[in-house]
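Asks: Mind having a look at this structure? Questions to follow.
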Amino acid sequence: ALDYQNLNPEQRRAALATEGPLLLLAGAGSGKTTVLIHRIANLMKYGRGSDCDEAPAWAAPADLAFLEGYVQNPDPAQKAEQERLCRVDPAVPWSIIAITFTNKAAGELKERMLGPSANDIWASTFHSACVRILRRDIDRLGFTSSFTIYDTADSERVIKDIVKDFNLDEKAFAPRSILGYISRAKDAMKLGKDYLQAGDYRLGKIAKVYAEYERRLREANALDFDDIILDTVRLLQNFDDVREYYQKKFRYVLIDEYQDTNNLQYLLASTLAGG
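Under our numbering, read the sequence shown as residues 1364 to 1638, first letter to last.
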């Protein structure tokens, strides 16, 4: 706790909690990102030392006496020894994934972490973390690792072409509106073939546009923004070896602004944290 004197008691309690699930509820500007950064630093420096109820088997009475003395009178010259004695199973940087919602926040996280080891932490947005996972294993889903990513304008253009090719009225079937339906379907993990069961006339037409949109993107070896997370979740759910690789790799999964997650992001986070 001496290392985190700049935190208030609740922030310090959160930064020093290491094992099991943890949810922080706090208002804007109350220092959640600061806690996240200190928590990561604690995981790398001390591992689960702050959560450990017992002294390690190798600790001698002299070591415990040293620590009791250090707490009473912290000596900078003895800091390295204090850290060594308090360290229990420290986390290597690449076993930590910290997910934020913007590239700016991910960049800030890395900047504030300081030190070269920060570069090995997966500090990124949901989308960039998923792209990294997909580049490695997306061939399992029938794409190649050199897939391209369509932005909203690209997606609208494809939908517009399909609406025209299907002789649908663009006013009644506006591309942006159709993309909204497709996005909600993907968040519910419904692919084109699942959506085709829809009942009414309008949804039936949208389902056919969705199935064709899916086909054209696959033909172009392209993913839209929703596919990036959907296909990562599909990859993790359907291929045991891929899922186990990442579940073993990531010992700690931390998410900033967790309340903003949608269904797919929740599935991704809970799958990575499983096991």
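The C-beta atom is built at its ideal place from N, Cα and C for all residues, glycine as well.
For the structure I just gave you, are there three or more beta carbon pairs, one from the stretch 1581-1593 and one from the stretch 1465-1484, closer than 8 angstroms?
Replies: Segments in contact, no.
Asks: Span of the beta strand (DSSP E) holding Tyr-1615?
Replies: Segment 1615-1618, the beta strand (DSSP E) holding Tyr-1615.
Asks: With distances taken from CA atoms, which of Pro-1538, Leu-1448 and Thr-1634 is nearest Pro-1424?
Replies: For Pro-1424, the nearest C-alpha among the options comes from Leu-1448.
Asks: Using 8 angstroms as the threshold, is the C-beta distance between Phe-1510 and Asn-1626 below it?
Replies: No.
Asks: Taking only runs that begin and end inside the stretch 1477-1540, name each unbroken alpha helix (DSSP H) of 4 or more residues, in chain order.
Replies: Qualifying alpha helix (DSSP H) stretches, in chain order: 1489-1500 and 1515-1528.
Asks: Would Asp-1619 be called buried (16 or more neighbouring beta carbons within 10 Å of its own) or exposed?
Replies: With 16 or more Cβ atoms within 10 Å of its Cβ, Asp-1619 is classed as buried.
Asks: Assuming Leu-1365 contacts His-1401 (C-beta within less than 8 angstroms), just tell me the rounded distance between them.
Replies: Contact doesn't hold; Cβ gap of about 13 angstroms is too wide.
Asks: Could you tell me the distance, in whole angstroms, from the CA atom of Gly-1412 to the CA atom of Glu-1446?
Replies: Gly-1412 and Glu-1446: Cα-Cα distance of roughly 10 angstroms.
Asks: From the DSSP output, which residues share a beta bridge with Thr-1463?
Replies: Thr-1463 is bridged to Thr-1488.
Asks: May I ask which residues mark the beginning and end of the alpha helix (DSSP H) holding Leu-1448?
Replies: First-last of the alpha helix (DSSP H) with Leu-1448: 1442-1449.
Asks: How about Ala-1574 and Gly-1543: are their beta carbons less than 8 angstroms apart?
Replies: Against a cut-off of 8 angstroms, the Cβ pair of Gly-1543 and Ala-1574 comes out as no contact.
Asks: Which class does Gly-1412 belong to by DSSP, given the choice of helix, strand or coil?
Replies: The answer is helix: DSSP assigns Gly-1412 an H, G or I state.
Asks: How about Ser-1491: is its C-beta nearer than 8 angstroms to some C-beta of chain C?
Replies: Of the chains in the structure shown, none is chain C; there is only one protein chain.
Asks: Would you identify the three-state DSSP class for Asp-1563, choosing helix, strand or coil?
Replies: Looking at Asp-1563 - three-state DSSP - the assignment turns out to be coil, as it is neither helix nor strand.
Asks: Where does the unbroken alpha helix (DSSP H) through Leu-1593 begin, and where does it stop?
Replies: That run of the alpha helix (DSSP H) goes 1588-1601.
Asks: Which of helix, strand or coil does DSSP assign to Ala-1468?
Replies: Looking at Ala-1468 - three-state DSSP - the assignment turns out to be helix.
Asks: How long is the line joining the alpha carbons of Asp-1589 and Asp-1550, rounded to whole angstroms?
Replies: The alpha-carbon atoms of Asp-1589 and Asp-1550 are separated by roughly 8 angstroms.
Asks: Here's the rule I'm using: 16 or more other beta-carbon atoms within 10 Å means buried, otherwise exposed. How should Phe-1489 be labelled?
Replies: Buried is the call here.
Asks: What is the residue span of the alpha helix (DSSP H) that Leu-1627 lies within?
Replies: First-last of the alpha helix (DSSP H) with Leu-1627: 1626-1636.
Asks: CA-CA distance, Ala-1389 and Glu-1582?
Replies: Distance between the alpha carbons of Ala-1389 and Glu-1582: 46 angstroms.
Asks: Counting beta carbon pairs with one atom in the stretch 1489-1502 and one in the stretch 1523-1534, are three or more of them shorter than 8 angstroms?
Replies: Segments in contact, no.
Asks: Would you kindly check if the distance between the Cβ of Ile-1512 and the Cβ of Leu-1586 is under 8 angstroms?
Replies: The answer is yes: Cβ separation under 8 angstroms.
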